[in-house]
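Asker: Following UniProt numbering, the numbering of the sequence shown begins with 1 at its first residue and continues without gaps.
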Amino acid sequence: MAARDSRPGFERPYEEADRAAIRRLIHQIDEDPKFLDKIYNRMVADLIQKQMASHWYAAAADYERNGDRYTAAACRVHAHVLKDGNLLDDEIADDMLIYRAAPTPLPDIAPMRDELLDMIEGELEARHV
Numbered sequence: 001m002a003a004r005d006s007r008p009g010f011e012r013p014y015e016e017a018d019r020a021a022i023r024r025l026i027h028q029i030d031e032d033p034k035f036l037d038k039i040y041n042r043m044v045a046d047l048i049q050k051q052m053a054s055h056w057y058a059a060a061a062d063y064e065r066n067g068d069r070y071t072a073a074a075c076r077v078h079a080h081v082l083k084d085g086n087l088l089d090d091e092i093a094d095d096m097l098i099y100r101a102a103p104t105p106l107p108d109i110a111p112m113r114d115e116l117l118d119m120i121e122g123e124l125e126a127r128h129v
């Protein structure tokens, strides 16, 4: 790890910004006693989303091993959305093509498939793609 340069003009450019952010955080905690609860709830929600995403990835691997590429792709898409929240990501583009080409609604996740496709179409319209 490189030593910090102590010459004048080489201070951490974001050090003051860090201090300001900490002061704002302390002020928010003083102003809103439930602020820490909100942060905790957000952290718990993020953790739950990550756990759900890992379950979807595991389900995708199971479906893939059993030869069901459509449901596997659908599971990977759901996992990615839970993990990242981005529907228009190159990482899931191939899976989206497979998912949308499924010959019939997939029995385990048909309602989620329709909802997700509506969200994707809305996102595409909003971005004028």
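Backbone N, C-alpha and C define an ideal beta-carbon position, used for all residues, glycine too. Quick caveat, the model's predicted, so the values are computed rather than measured.
In chain order, what residues of the same chain lie with their CB nearer than 8 Å to the CB of Leu82, ignoring the 5 residues before and after it?
Answerer: Gln49, Lys50, Met52, Ala53 and Trp56
Asker: Identify whether Lys34 lies in helix, strand or coil by the three-state DSSP scheme.
Answerer: coil
Asker: Quick one: Cα of Pro33 to Cα of Arg19, how far?
Answerer: 21 Å
Asker: Does Ile22 pass the burial test, meaning 16 or more other C-beta atoms within 10 Å, or should it be called exposed?
Answerer: exposed
Asker: Among Ile92, Asp68 and Gly67, which residue has its Cα nearest to the Cα of Ala79?
Answerer: When only C-alpha atoms are compared, the closest one is Ile92.
Asker: Quick check on this structure: which residue in Asp30, Tyr70 and Phe35 has the alpha carbon closest to the alpha carbon of Leu97?
Answerer: Tyr70
Asker: Look up Asn41 in the DSSP assignment and say whether it is helix, strand or coil.
Answerer: In the three-state scheme derived from DSSP, where H, G and I count as helix and E and B as strand, Asn41 is classed as helix.
Asker: Which same chain residues end up closer than 6 Å to Glu64 when comparing Cβ atoms and leaving out the 5 residues on each side of it in sequence?
Answerer: Ala72
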